[in-house]
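Structure first, then comments.
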Amino acid sequence: MNEQRLPPVTALGMLSLALIVAGGIYLSAHLPNHVPLGPAVALLAASALVLGINIFLLSRVRDFDWARFFQVGKWSLLAYVVIAGMIEYVFLRNHVSGGTLVVLTLSLVVFAVHVPMLVGFTVARYSDLGERVAA
Amino acid sequence: MTDVAIPTGPPAVEAGAAPPPGAIEIPDFQIVPRAGLAIAAVVLVCLIVAIAVNSLWPLMFFHVAFGAGWTIIDLFLGLVLGPIMGAMPVPARIQFTTRLMPKMVVIMPVVVTATLAAGWQVGVKTGNVLSISQDHGWVVASYIVVGVMAVLALGLLEPANIAVLFELKKPRPNPEVIEHLMKRFIYCAGVLGVMQVATLVIMTKLASG
Chain A
27 MNEQRLPPVT
37 ALGMLSLALI
47 VAGGIYLSAH
57 LPNHVPLGPA
67 VALLAASALV
77 LGINIFLLSR
87 VRDFDWARFF
97 QVGKWSLLAY
107 VVIAGMIEYV
117 FLRNHVSGGT
127 LVVLTLSLVV
137 FAVHVPMLVG
147 FTVARYSDLG
157 ERVAA
Chain B
90 MTDVAIPTGP
100 PAVEAGAAPP
110 PGAIEIPDFQ
120 IVPRAGLAIA
130 AVVLVCLIVA
140 IAVNSLWPLM
150 FFHVAFGAGW
160 TIIDLFLGLV
170 LGPIMGAMPV
180 PARIQFTTRL
190 MPKMVVIMPV
200 VVTATLAAGW
210 QVGVKTGNVL
220 SISQDHGWVV
230 ASYIVVGVMA
240 VLALGLLEPA
250 NIAVLFELKK
260 PRPNPEVIEH
270 LMKRFIYCAG
280 VLGVMQVATL
290 VIMTKLASG
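Just so you know, the sequences run in chain order A and B. What the first sequence shows, in the working numbering, is residues 27 to 161, in sequence order. What the second sequence shows, in the working numbering, is residues 90 to 298, in sequence order.
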């Protein structure tokens, strides 16, 4: 449908989200026992790596409506920072601390960046198409 | 505050001219309803208070009321409204979409956040989230179901929802783009509806011990 070849931003975004969700489930499933952080850190690192690759691939796209991407992305970011803040508040309210808190907080950062990126990308990828087809 | 029209033929409408025959009228709408944001803010403040107070009744209220809302919306949208929307003629579907989807943009994130945040707090208070709990396997199953639903909803459904609203806001929306995004939305809602059946099974098992 889109005339321009675009990187698989949505697929990579979903992979990144799946990795942090898996890490979150792993940590939550072991409470209140001591949790070896290795697997959760590996999942978070893999998720962050996929986010980095996604940003790099998207940044190389030519003729992309960056203005629309950032317009939508910044408001989505605001919404997801509020949601991530709520989740972080629940962690702190329940005295989560140390390495577990660091991993969960960084997971929330990846979540709060990647979802707005997906929303902004999905809107911006079709941004010019209507006008182009109409022209 | 004017309506726009999707031309189904070659786009040759001059500014101020009447829509061409066969054009589809699109009602004016806000992508994110501002009144809804105010209600969402009130709900989130109440949720913070409920978690801070950490009393079982308000937490249970948030978890059960908003969880029921989430499950019913997903089931109804995915298994009842979705197929109906898919069978609607395009003009009717656009009329319906411009009224339903802006509300979903506000409702769903609030409903999901309230359900999960209050649910976790209830689990901590009742001990269900602890690995020593006898129902722990069911709780972990619920994490997995919610996790899969979250990835689908955040990665596919919500971006499609917002993108279709932006497309409909254009002076000349592309019907092909709308069709593509609506298909993605409806299929995704269908999968989420089916997954909510699993949520119902797990939650009723946990509630009955």
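We treat Cβ as the ideally placed atom computed from N, Cα and C, and that holds for glycine.
{"Item": "For residue 140 of chain B, three-class secondary structure by DSSP", "Value": "helix"}
{"Item": "Option nearest residue 194 of chain B by Cα separation, candidates B/220, B/184, B/242 and B/206", "Value": "B/242"}
{"Item": "Simplified DSSP assignment, three categories, for residue 128 of chain B", "Value": "helix"}
{"Item": "Range covered by the alpha helix (DSSP H) that runs through residue 163 of chain B", "Value": "145 to 164"}
{"Item": "Inter-residue CB distance, residue 150 of chain A and residue 95 of chain A (contact presumed, cutoff 8 Å)", "Value": "4 Å"}
{"Item": "Inter-residue spacing [alpha-carbon to alpha-carbon] between residue 93 of chain A and residue 86 of chain A", "Value": "15 Å"}
{"Item": "CB contact below 8 Å: residue 171 of chain B versus chain A", "Value": "no"}
{"Item": "Simplified DSSP state of residue 52 of chain A, which is helix, strand or coil", "Value": "helix"}
{"Item": "For residue 196 of chain B, three-class secondary structure by DSSP", "Value": "helix"}
{"Item": "Length of the line joining the Cα atoms of residue 225 of chain B and residue 134 of chain A", "Value": "24 Å"}
{"Item": "Whole-angstrom distance between residue 126 of chain B and residue 132 of chain B, CA atom to CA atom", "Value": "10 Å"}
{"Item": "Residue 121 of chain A versus residue 168 of chain B - alpha carbon distance", "Value": "40 Å"}
{"Item": "Endpoints, alpha helix (DSSP H) assigned at residue 142 of chain A", "Value": "124 to 151"}
{"Item": "Sequence-distant residues of the same chain with beta carbon closer than 8 Å to residue 145 of chain A, five excluded per side", "Value": "98, 99 and 102"}
{"Item": "Environment of residue 188 of chain B [buried if 16+ CB atoms lie within 10 Å]", "Value": "exposed"}
{"Item": "Residue 119 of chain A: contacting residues in chain B (beta-carbon distance under 8 Å)", "Value": "140, 141, 143 and 210"}
{"Item": "Near-chain A residues of the stretch 214 to 241 of chain B - C-beta to any C-beta below 7 Å", "Value": "218, 219, 220, 229, 232, 233, 236, 239 and 240"}
{"Item": "Cα-Cα separation between residue 244 of chain B and residue 252 of chain B, rounded to whole angstroms", "Value": "13 Å"}
{"Item": "Check whether residue 191 of chain B and residue 266 of chain B have beta carbons under 8 Å apart", "Value": "no"}
{"Item": "Segment contact flag, the stretch 168 to 185 of chain B with the stretch 205 to 219 of chain B, C-beta cutoff 8 Å, min 3 pairs", "Value": "no"}
{"Item": "Min CB distance residue 162 of chain B to chain A below 8 Å", "Value": "no"}
{"Item": "7 Å CB neighbourhood of residue 77 of chain A in its chain, flanking five on each side removed", "Value": "42, 136, 139 and 140"}
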